[in-house]
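Asker:
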Amino acid sequence: MEELISAIKKMKTKGDKESVIDFLKIVMKLIPPSDDIGISLAKKGTHEYVLDRRGLAIISLSEDEYLPFFSASEKRVELDSLPDDVAKIVRNNWKEILDQLRDYVLDYSKIDKRYSKVVDEITDAVFKNL
């Protein structure tokens, strides 16, 4: 978990896109093996940037013109194509991202007890970087 702590410190001090991407790669490794888990990174208009264990996805939401419901589409992109403004949001909201991760890991630890330790490590990484 020292890897997560050092990635947060690097991201907070350097603040560049590369350090944000390194942080996100570590977060991806900690996401439990479930297709139902996605961490919201940022919302821009009708697009939401979501990180899951397979990488970065852009979810586009649109309201159908004549029907009273929404439709969504997903597009997979490489972490390197993360827009600069989204990287800045991630850098500023790293704690909220880890809070989401911790909540998902805590729920998953009810299924797989090995993840209980990961919850403690994520919490520790947050406190060491406040």
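In the numbering used here, the protein residues as written are 314 to 443.
Idealized CB from N, CA, C, for every residue including glycine.
Classify Tyr374: buried if its beta carbon has 16 or more other beta carbons within 10 angstroms, exposed otherwise.
Answerer: Mapped onto the sequence shown, residue 374 falls at position 61. For the sequence presented, residue 374 should be read as Leu rather than Tyr. Exposed is the call here.
Asker: I'd like the list of long-range same chain contacts for Lys441, defined as Cβ closer than 7 angstroms, with 5 residues on each side in sequence excluded.
Answerer: Looking up residue 441 in the sequence shown gives position 128. Hits under 7 angstroms: Ile318.
Asker: Return the chain-ordered list of same chain residues with a C-beta closer than 6 angstroms to the C-beta of Asp335, the five sequence neighbours on each side being excluded.
Answerer: Within the sequence shown, the letter at position 22 stands for residue 335. Hits under 6 angstroms: Ala320.
Asker: Under the three-state reduction of DSSP, which class applies to Ala369: helix, strand or coil?
Answerer: One-based indexing of the sequence shown puts residue 369 at position 56. The sequence shown places Leu at residue 369, not Ala. Note: Leu369 maps to strand in three-state DSSP.
Asker: Could you give the distance in angstroms between the alpha-carbon of Gly328 and the alpha-carbon of Val340?
Answerer: Walking along the sequence shown from the start, residue 328 turns up at place 15. Walking along the sequence shown from the start, residue 340 turns up at place 27. Whole-angstrom Cα-Cα distance: 17 angstroms.
Asker: With 16 other CB atoms within 10 Å as the buried threshold, where does Ala355 fall?
Answerer: Position 42 of the sequence shown holds residue 355. Counting Cβ neighbours within 10 Å, Ala355 comes out buried, since at least 16 surround it.
Asker: Spell out the partners DSSP gives Tyr362 in its beta bridges.
Answerer: For the purposes of this step, residue 362 is taken as residue 49 along the sequence shown, with counting starting at 1. DSSP, once it has assigned bridges, lists Ala355 and Ile371 as partnering Tyr362.
Asker: At which residues does the beta strand (DSSP E) containing Arg427 begin and terminate?
Answerer: Along the sequence shown, one-based indexing puts residue 427 at 114. Premise fails: Arg427 is in no beta strand (DSSP E) and is neither H nor E.
Asker: Quick check: the region 386 to 404 against the region 412 to 427, are there 3 or more CB pairs under 8 angstroms?
Answerer: no
Asker: Distance, Cα to Cα, Glu331 vs Ser394?
Answerer: Indexing the sequence shown from 1 puts residue 331 at position 18. Indexing the sequence shown from 1 puts residue 394 at position 81. Taking the straight line joining both Cα atoms gives about 11 angstroms.
Asker: Leaving aside the five residues before and after Leu414 along the sequence, list all residues of the same chain whose C-beta is less than 8 angstroms from its C-beta, in chain order.
Answerer: Counting from 1 along the sequence shown, the entry for residue 414 is found at position 101. Taken in chain order, the residues that qualify are Val340, Leu343, Ile344, Ile352 and Ile435.
Asker: How is Glu376 classed by DSSP in three states: helix, strand or coil?
Answerer: As a working mapping, residue 376 is identified with position 63 in the sequence shown. Here DSSP, grouped into helix, strand and coil, assigns Glu376 to strand.
Asker: For the candidate residues Leu392, Glu378 and Met314, whose alpha-carbon lies nearest to that of Arg366?
Answerer: On the sequence shown, position 53 is the one that residue 366 refers to. Closest by alpha carbon: Leu392.
Asker: Identify the continuous beta strand (DSSP E) that holds Phe382 and give its terminal residues.
Answerer: Here residue 382 refers to the residue found at position 69 when the sequence shown is read from its first residue. Here Phe382 belongs to no beta strand (DSSP E), and DSSP marks it neither H nor E.
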